[in-house]
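>
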Ligand code: AMP
Ligand code: MG
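In our numbering, the protein residues as written are 4 to 414.
1) Rounded to whole angstroms, what's the CA-CA distance from residue 400 to residue 254? Just pull it up for me.
2) Since residue 298 and residue 288 should fall inside the 8 Å C-beta cutoff, what is the C-beta to C-beta distance between them, to a whole number of angstroms?
3) Where does residue 344 sit, in a helix, a strand or coil, going by DSSP?
4) Which residues in the same chain have their Cβ closer than 8 Å to the Cβ of residue 302, if we skip the five residues on either side of it in sequence?
5) Please state whether the Cβ-Cβ distance between residue 335 and residue 366 is less than 8 Å.
6) Within this structure, are the beta carbons of residue 28 and residue 182 separated by less than 8 Å?
7) Whole angstroms is fine: what's the gap from residue 294's alpha carbon to residue 36's?
8) Report yes if the CB atom of residue 348 is closer than 8 Å to the CB atom of residue 398, and no otherwise.
9) Who are the Cβ neighbours of residue 2 in its own chain at under 6 Å, not counting the five residues just before and after it?
10) Residues in its own chain within less than 6 Å of residue 5 by CB, not counting five upstream and five downstream?
11) I want to check one thing, is the minimum distance from the CB of residue 208 to the heavy atoms of the ligand AMP below 7 Å?
12) Any idea what DSSP makes of residue 135, helix, strand or coil?
13) Taking its Cβ as the centre, do 16 or more other Cβ atoms sit within 10 Å of residue 50, making it buried, or is it exposed?
14) Report yes if the C-beta distance between residue 92 and residue 78 is below 8 Å; otherwise report no.
15) If you follow the alpha helix (DSSP H) that residue 349 is in, where does it begin and where does it stop?
16) From which residue to which residue does the beta strand (DSSP E) around residue 338 run?
17) So who's on the other strand from residue 206, going by DSSP bridges?
18) Start and end of the alpha helix (DSSP H) containing residue 269?
19) Is the CB of residue 208 under 8 Å away from at least one CB in chain B?
20) Could you tell me the alpha carbon to alpha carbon distance between residue 240 and residue 304, rounded to whole angstroms?
Written out as structure tokens, the structure reads:
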């Protein structure tokens, strides 16, 4: 087997290969803004309007003409301007206007004086502070100019983006169609969650994990259920998945056991780009191509499946989805509180808990047993402790690299 003669790919090499061979989807659809959450802009968005759309007051106070100021006599209040109810009458020389925040600036106004600097008296108002020309006036187009690009193509639309578009009066948006991802678990031992278990059976965790992650990433999920460790059944599932999806994700069956058919069938129906990586957990991960769809084979152990999805499938999906706004998670340095076991050879993604300390900086400790079947230690973690391939055991007090994560909230 090639794995024994050539060194396994590193995570970075694997990512480079995957991202190097796939092209983003380019099919576009037009959606109402209200239906566009989680979708990706297909074109740059240009503002159809100025924001703000007119000069308006930044304060509750008084609109004034500078020429009228400087005397000691009170100035008469000639009218009022509210947000949504502009003042459109005349205001005689020597008078001022009461104005509220957001109200259009009446013609002739030189400045707005905030009401905290005004002294209302019986026959008008006196001002208590110096006035600068233009003060407290928000000008048309200050925030966004009509015709300016407010968003590039490839931006995922969420709570930061959609309200901005709404404020510009945009009610329809061109987006890239959703990525279709077919998913199935393999294993004779697997039962759907909630089903009773006979001897030797376990619940299918991975399909649940992966479906959640796919939903977070805005994919259209085609859930093909559990497929038995049977070459014929797997062939049929692969064929079906390939017809319906852009990407097929399986879990299990990519190790070297006697019931591990996934890789063999992929070789028969498509081609393998790589199999096995120098990472722990997640070594048996496979990537390849079927007749129509891309293929990712996740290892069966639940932590391996989650880690390889996070580290490899997530960036692939982001690229296929046309997003340009996504970056690899930041890696930080933290001081290790208790020793870690590590054998040189593969890059480790151990599960840890990190936190800030009052003196500044970060501390991290392992969440406990690190076996690839121990989902509880993944579940308690808020970061990966990333240990380089060559690294051996790590002593308490040493500095290590961590990669914070937010479990299934991936983007
Ligand atoms: P495999 O990669 O098929 O050899 O599976 C490796 C280990 O992961 C075995 O202990 C399987 O029972 C377990 N496993 C496989 N698939 C799943 C799954 N979907 N959910 C939970 N455990 C699984
Ligand atoms: Mg299996």
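Even glycine gets a Cβ: it sits at the ideal position worked out from N, Cα and C. Values in this document were obtained by computation on a predicted structure and should not be read as measured data.
The structure says:
1) Position 397 of the chain shown, counting from 1, holds the residue named residue 400. Position 251 of the chain shown, counting from 1, holds the residue named residue 254. When rounded, the distance between both Cα atoms is 37 Å.
2) As a first step, residue 298 is located in the chain shown; it is residue number 295 there, counting from the start. As a first step, residue 288 is located in the chain shown; it is residue number 285 there, counting from the start. With 8 Å as the limit, residue 298 and residue 288 do not qualify as a contact, their Cβ atoms being about 11 Å apart.
3) The residue you call residue 344 lines up with position 341 of the chain shown. DSSP places residue 344 in coil when its eight states are reduced to three.
4) Counted from its first residue, the chain shown places residue 302 at position 299. Correct list, in chain order: 254, 255, 257, 258, 284, 285, 286, 287, 288, 308, 311, 375.
5) As a first step, residue 335 is located in the chain shown; it is residue number 332 there, counting from the start. As a first step, residue 366 is located in the chain shown; it is residue number 363 there, counting from the start. No; because the gap between Cβ atoms is not below 8 Å, this pair is not in contact.
6) Position 25 of the chain shown, counted from the first residue, corresponds to residue 28. Position 179 of the chain shown, counted from the first residue, corresponds to residue 182. Annotated as proximal: residue 28 and residue 182, with beta-carbon spacing under 8 Å.
7) Position 291 of the chain shown, counting from 1, holds the residue named residue 294. Position 33 of the chain shown, counting from 1, holds the residue named residue 36. When rounded, the distance between both Cα atoms is 35 Å.
8) Working through the chain shown from its first residue, we reach residue 348 at position 345. Working through the chain shown from its first residue, we reach residue 398 at position 395. Cβ distance not < 8 Å, so residue 348 and residue 398 don't count as in contact.
9) Given a span of 4 to 414 for the chain in the structure shown, any question on residue 2 remains unanswerable.
10) Within the chain shown, numbered from 1, the residue matching residue 5 stands at position 2. Low confidence applies to residue 5: its pLDDT is 45, below 50, so where it sits in the model is not reliable, and the reading given next is rough at best. Residues of the same chain with their beta carbon placed closer than 6 Å to that of residue 5 are lacking, with the five preceding and five following residues left out of the count.
11) Within the chain shown, residue 208 is the residue found at index 205, counting from 1. Yes, the beta carbon of residue 208 sits closer than 7 Å to at least one heavy atom of the ligand AMP.
12) One-based indexing of the chain shown puts residue 135 at position 132. Residue 135: coil per DSSP, three-state reduction.
13) By 1-based counting over the chain shown, the position of residue 50 is 47. Around the beta carbon of residue 50, 16 or more other beta carbons sit within 10 angstroms, so the residue counts as buried.
14) As a position in the chain shown, residue 92 is number 89, starting the count at 1. As a position in the chain shown, residue 78 is number 75, starting the count at 1. Taking 8 Å as the Cβ cut-off, residue 92 and residue 78 do not qualify as a contacting pair.
15) In the chain shown, residue 349 corresponds to position 346, counting from 1. Secondary structure note for residue 349: it is in no alpha helix (DSSP H), with a DSSP letter that is neither H nor E.
16) Here residue 338 corresponds to residue number 335 of the chain shown, with the count starting at 1. Where residue 338 is concerned, the enclosing beta strand (DSSP E) stretches over 335–339.
17) Mapped onto the chain shown, residue 206 falls at position 203. According to DSSP, residue 206 bridges with 194.
18) Counting from 1 along the chain shown, the entry for residue 269 is found at position 266. Boundaries of the alpha helix (DSSP H) around residue 269: 265–272.
19) Annotation note: the requested chain B is absent from the structure, which comprises a single protein chain.
20) By 1-based counting over the chain shown, the position of residue 240 is 237. By 1-based counting over the chain shown, the position of residue 304 is 301. Cα-Cα distance, rounded: 21 Å.
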